[in-house]
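**Student:**
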Amino acid sequence: MAFLSVSPVDQGLDCASSWVTFSCTGEHVTKSSALRMFDSAQMAFLMDRLVRVTVDDTRKHNNYCLVERIDVLNRAS
């Protein structure tokens, strides 16, 4: 899971909070895909990089919206 600085709710999505899931149990995406996205989120945090995420509010895991894609950006973006 990850906490987004811009709430999905504020972007008009039907999400419970700013926390989102990668579905690492494999319920919505493969476990390996979920773990890669989670690893990318951790790497971005450690390197002080920005990320862009695509969130799907129609698929939820334990009531948290699903991240479909994560892009790690250059800090200047």
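Numbered per the numbering used here, the sequence shown spans residues 3 to 79.
All residues carry an ideal CB built from backbone N, CA and C; glycine is no exception.
None of these values were measured; they are calculated from a predicted model.
1. At which residue ranges does the stretch 15-78 contain complete alpha helix (DSSP H) runs of 4 or more residues, listed in the order of the chain?
2. Taking C-alpha atoms, which residue in Arg61, Arg77, Ile72 lies nearest to aspartate 16?
3. Return the chain-ordered list of same chain residues with a C-beta closer than 7 Å to the C-beta of valine 11, the five sequence neighbours on each side being excluded.
4. Tell me which residues share the same chain as alanine 43 and place their Cβ nearer than 7 Å to its Cβ, disregarding the 5 neighbours each side in the sequence.
5. Taking the C-alpha atoms as reference points, what is the distance between glycine 28 and alanine 46?
**Tutor:** In this structure, then:
1. 33-48
2. Arg61
3. Cys17
4. Ala4, Val53, Ile72
5. 22 Å
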